[in-house]
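Okay, so the sequence shown: first residue is 1 according to this note's numbering, each after it adds one. Here's the structure we're looking at; comments come further down.
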Amino acid sequence: MNYRSFGKSGLRVSALGFGCMRLPIIGDDSGKIDEEEAIGMIRYAIDHGVNYIDTAWSYHQETGEKVVGQALREGYREKTYLATKLPSWLINSQDDMQRYFDLQLQKLQTDHIDFYLLHSLNIHAWENYLKHKVFDWAEKKLADGSIRKLGFSFHDRYQAFETILNGYDAWDFCQIQYNYMDVEYQAGLKGLRAAAAKGLGVVVMEPLRGGKLALNPQPQAVQAVFDQSGKDWTPAEWALQWIWNQSEVSLLLSGMSNMEQMKQNIASANRSGPHTLSKQELAVVDAAREAYKNLAPISCTHCEYCMPCPSGVAIPDIFQIYNNGKAYDKKEQAVFDYNRRIQAENKADQCIECGQCEGLCPQHIEIIDWLKTVHAELYEASE
Numbered sequence: 001m002n003y004r005s006f007g008k009s010g011l012r013v014s015a016l017g018f019g020c021m022r023l024p025i026i027g028d029d030s031g032k033i034d035e036e037e038a039i040g041m042i043r044y045a046i047d048h049g050v051n052y053i054d055t056a057w058s059y060h061q062e063t064g065e066k067v068v069g070q071a072l073r074e075g076y077r078e079k080t081y082l083a084t085k086l087p088s089w090l091i092n093s094q095d096d097m098q099r100y101f102d103l104q105l106q107k108l109q110t111d112h113i114d115f116y117l118l119h120s121l122n123i124h125a126w127e128n129y130l131k132h133k134v135f136d137w138a139e140k141k142l143a144d145g146s147i148r149k150l151g152f153s154f155h156d157r158y159q160a161f162e163t164i165l166n167g168y169d170a171w172d173f174c175q176i177q178y179n180y181m182d183v184e185y186q187a188g189l190k191g192l193r194a195a196a197a198k199g200l201g202v203v204v205m206e207p208l209r210g211g212k213l214a215l216n217p218q219p220q221a222v223q224a225v226f227d228q229s230g231k232d233w234t235p236a237e238w239a240l241q242w243i244w245n246q247s248e249v250s251l252l253l254s255g256m257s258n259m260e261q262m263k264q265n266i267a268s269a270n271r272s273g274p275h276t277l278s279k280q281e282l283a284v285v286d287a288a289r290e291a292y293k294n295l296a297p298i299s300c301t302h303c304e305y306c307m308p309c310p311s312g313v314a315i316p317d318i319f320q321i322y323n324n325g326k327a328y329d330k331k332e333q334a335v336f337d338y339n340r341r342i343q344a345e346n347k348a349d350q351c352i353e354c355g356q357c358e359g360l361c362p363q364h365i366e367i368i369d370w371l372k373t374v375h376a377e378l379y380e381a382s383e
């Protein structure tokens with residue numbers, strides 16, 4: 001495994017981190033983790049050099065941390081850095097901070113968190129944290145050793161990122177969405193460089209944009225770019241190597257769902273390094289970006305932060321069906337999937353426009369309007 005410097009901390013972390021947001025599940029219920037398979041994957045990763053395991057309170061409908069805790073028993077906790085996150089949308093006092101933190105320690109079966117993040121920060125969550133003096137609380141945890149490094153994960157416009165980055169002098173690290181399609185989205189390349197310049201470790205999430213950049217084959221226009229490159233790389237390899245090529249990146253998180261993905265990503269990490277891509281290879285990625293634009297109109301990454309919907313609407317699944325139909329020019333398949341896979345009580349027309357989902361969406365998607373569009377195009381087309 002290749003290791004990289006984690007900002008100014010002096011720590012060395014594996015180029016590949018295990019993001020535990022998409023562990024293998026039983027059936028279609030993300031809350032029912034295939035525990036045997038998931039634990040085996042986490043331990044396999046650690047046995048093969050991965051030393052950064054990332055989870056959060058909300059992952060897998062609040063069951064993810066418990067499974068990670070089970071996986072890190074029998075000596076595995078001592079072999080890795082553990083990261084988890086304070087659920088920002090549930091915090092209304094320092095008592096809330098302490099309560100969730102204590103529950104996380106219990107779930108994870110540990111007495112400390114190596115890398116603790118304020119989860120999914122936007123400007124509103126940031127202002128709420130300041131109101132409740134989060135750093136007074138966090139610095140006590142840093143002092144007693146129950147938190148070792150403090151950071152934040154981010155989903156908002158760059159201006160908000162700059163405010164948060166400069167709003168606390170002792171950040172150790174940050175976590176940003178970054179991939180070859182999101183160079184100018186949210187924190188983007190500008191935010192990556194700003195954080196690295198301040199000495200922060202930078203963790204990259206969504207390197208494959210919710211799996212879209214790993215589809216093999218890619219949409220025809222994108223696949224043609226890769227086919228003409230002369231390199232026998234999968235689309236996922238192109239996307240991951242592009243990120244690892246940048247020295248400001250401390251590590252990237254991959255949300256691996258099966259052992260084959262795990263083995264492929266570990267092998268890819270072993271081939272990685274800063275400044276290893278040629279100008280010609282970087283030009284291939286630039287061309288793929290241009291080919292990909294506008295193929296998937298809804299910027300949903302299937303993170304499920306919008307779920308559960310109070311009205312039962314299957315928002316991420318609906319958007320995935322629609323995007324796939326557009327990207328692959330397969331409207332008939334999208335119509336079929338929408339009408340056969342999505343039950344009547346979960347279809348887009350069940351939306352009551354309460355707006356709860358839009359307040360939680362880290363991509364700031366206009367969910368209500370898109371649900372109307374999807375239903376009009378897919379459901380009506382089937383009649």
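Glycine is no exception: its CB is placed at the ideal position from the N, C-alpha and C atoms. This structure is a prediction, so every number in the text was calculated from the model and none was measured.
Under the Cβ criterion (8 Å, minimum of three pairs), the segment 100-111 does not count as touching the segment 152-167. With fewer than 16 other Cβ atoms inside 10 Å of its own Cβ, Thr276 counts as exposed. Between Gly49 and the set Gly27, Gly64, Asp29, Ala15, the nearest pair of CA atoms involves Ala15. Ranked by Cα distance from Arg341, the first of Gly199, Ile318, Ala239 is Ile318. Spanning the alpha carbons of Gln343 and Val13 requires a straight line of approximately 44 Å.
Residue environment for Ile46: buried (at least 16 other C-beta atoms within 10 angstroms of its C-beta). In terms of CA proximity to Cys303, Gly211 leads the group Gly211, Ile368, Arg157, Ser229. Ala288 is positioned such that its CB atom lies no closer than 8 Å to that of Val313. DSSP places Lys85 inside the beta strand (DSSP E), whose first and last residues are 81-86. Going by DSSP, Asp182 is part of no alpha helix (DSSP H) at all; its letter is neither H nor E. Secondary structure in the segment 197-281: the beta strand (DSSP E) runs of 3 residues or longer, each lying completely within the stretch, are 201-205, 251-254 in chain order. Here Leu208 is not near Ala170, since their CB atoms are 8 Å or more apart. By the neighbour-count criterion, in which a residue is buried when 16 or more other Cβ atoms sit within 10 angstroms of its Cβ, Pro217 is exposed. Per the coordinates, the alpha-carbon of Leu251 lies some 45 Å from the alpha-carbon of Glu380. Under DSSP, the beta-bridge partners assigned to Arg12 are Ser5. Its chain contains Ser247 as the residues whose beta carbon lies nearer than 6 Å to that of Pro274, once the 5 sequence neighbours on both sides are disregarded; these appear in chain order.
In this structure, the beta-carbon distance from Gln186 to Tyr158 falls below 8 Å. Judged by pairs of C-beta atoms under 8 Å, the segment 249-269 touches the segment 14-28, as three or more such pairs exist. In the DSSP assignment, the residues bridged to Lys149 are Phe115. Counting of Cβ neighbours within 10 angstroms places Glu184 among the exposed residues, the total staying below 16. Residues of the same chain with a CB within less than 7 Å of the CB of Arg193, apart from the 5 flanking positions on each side, are Glu248 in chain order. The DSSP-derived three-state label of Asp54 is strand. Taking 8 Å as the upper bound for CB-CB distance, Leu23 and Gly64 are in contact here, some 7 Å apart. For Phe319, DSSP assigns no beta-bridge partner whatsoever. A check of alpha carbon separations from Lys66 across Glu36, Lys141, Gln220, Val335 identifies Glu36 as the nearest.
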